[in-house]
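In our numbering, the protein residues as written are 1171 to 1510.
For each residue, glycine too, the CB sits at the ideal point set by N, CA and C.
Treat the numbers as computed from the prediction; the structure is a model and nothing was measured.
Structure first, then comments.
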């Protein structure tokens, strides 16, 4: 129920769009009208045509391709110690980059801070051939603890990266939840804030399997197209990826779904607090991190409510994730169990 937004079904409009695309013959490998329409919608959403978009099947592929396009194999990619790319993607990024090293920043808080990147730059001199050579920073927005980077925060980080000649990538598996939660535009949370590359996730938000690597401005490189092909992520029947994106982006469905998930998470968090439980982190999107004693954990599990232990925020901390499919009744069931 609250184990992950990946556990939710695909939204009916996405399936309808895929079925509508399943008619007759058309060009392959992205040479189709659905891809043209999806690109046009991306230009509108991000308020620029100075971007390249690469549709892939998974978030791990989007992240790996982004980092391989931006970081040479002899260099390093800096990330929060609990970043998804560092802890939850196997050796995927290293595989895609042909050897670039992932290294943890000295972050102790829930979000990476600009001064932590400055400290990393001071530790790793470009004149020391034997040492780590950072060339990229990757952030997760929403972060692994459900926190949102604001446009101002991103600008401060990108300024430090630019000073060092490093590129900035954002893993946006829940980017829609950030846009819906902060009220900032997609452009203000990406290229206008100095982000070079964005892994724009649609799957968690209601698609079947559709993620988009977006390269902005000076980060655009023809290498990305070849890297996608090499990685086996250039889909021959590309229209089915693009049709999902069209369904999500047309008429603001992606934001409506994310906004609903965020509201359900806020309601859930408020219910926990009314029951006397403490939140381990503010609710910025569709994730709730809460401290629960063992008896309440057992009662919730006995009621068929799924959730996930999140020990990085403490041994008694658990993650609950809302989705577009979460209902008020789901939230009320949790409140009822807590009240009993």
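Item, Value
"Inter-residue spacing [alpha-carbon to alpha-carbon] between residue 1467 and residue 1436", "20 Å"
"For residue 1383, the residue or residues it bridges with in DSSP", "1224 and 1369"
"Strand pairing of residue 1308, partner residues [DSSP]", "1249 and 1339"
"The stretch 1298-1308 contacting the stretch 1344-1359, beta-carbon criterion three pairs below 8 Å", "no"
"Cβ-Cβ distance between residue 1413 and residue 1191 below 7 Å", "yes"
"Length-filtered (4 minimum) alpha helix (DSSP H) runs lying within the stretch 1179-1224", "1182-1191 and 1203-1216"
"Nearest-angstrom Cα separation, counted from residue 1223 out to residue 1263", "19 Å"
"Assumed close pair residue 1268, residue 1251 - CB separation to whole angstroms, cut-off 8 Å", "Actually they are not in contact, since the Cβ atoms of residue 1268 and residue 1251 sit about 24 Å apart, beyond 8 Å."
"Supposed close pair residue 1507, residue 1473 - CB separation, criterion 8 Å", "5 Å"
"Unbroken alpha helix (DSSP H) run spanning residue 1425, endpoints", "1423-1444"
"Inter-residue spacing [alpha-carbon to alpha-carbon] between residue 1484 and residue 1277", "16 Å"
"Outcome for residue 1292 when other beta-carbon atoms lying within 10 angstroms are tallied against a minimum of 16", "exposed"
"Residue-level contact to chain B via CB, residue 1382, 7 Å cutoff", "Absent from the structure: chain B. Only one protein chain is present."
"Of the listed residues 1344, 1403, 1340 and 1248, nearest to residue 1334 (C-alpha basis)", "1248"
"Residue 1239 and residue 1377 closer than 7 Å at C-beta", "no"
"Pairwise C-alpha distance: residue 1452 and residue 1315", "9 Å"
"Cβ contact check for the stretch 1320-1338 and the stretch 1447-1463: 3 or more pairs under 8 Å", "no"
"Helix, strand or coil at residue 1350 [DSSP, three-state]", "helix"
"Residue closest to residue 1345, alpha-carbon to alpha-carbon, out of 1241, 1328 and 1455", "1455"
"Outcome for residue 1199 when other beta-carbon atoms lying within 10 angstroms are tallied against a minimum of 16", "exposed"
"Which of helix, strand or coil DSSP assigns to residue 1377", "coil"
"C-beta atoms of residue 1368 and residue 1342 nearer than 7 Å", "yes"
"Cβ neighbours of residue 1458 in the same chain (closer than 6 Å, five flanking residues each side left out)", "1435, 1438, 1439 and 1490"
"Three-way DSSP call (helix, strand, coil) for residue 1459 in this model", "strand"
"For residue 1188 and residue 1410, the rounded distance between their alpha carbons", "6 Å"
"Coil, strand or helix - residue 1491 by DSSP", "strand"
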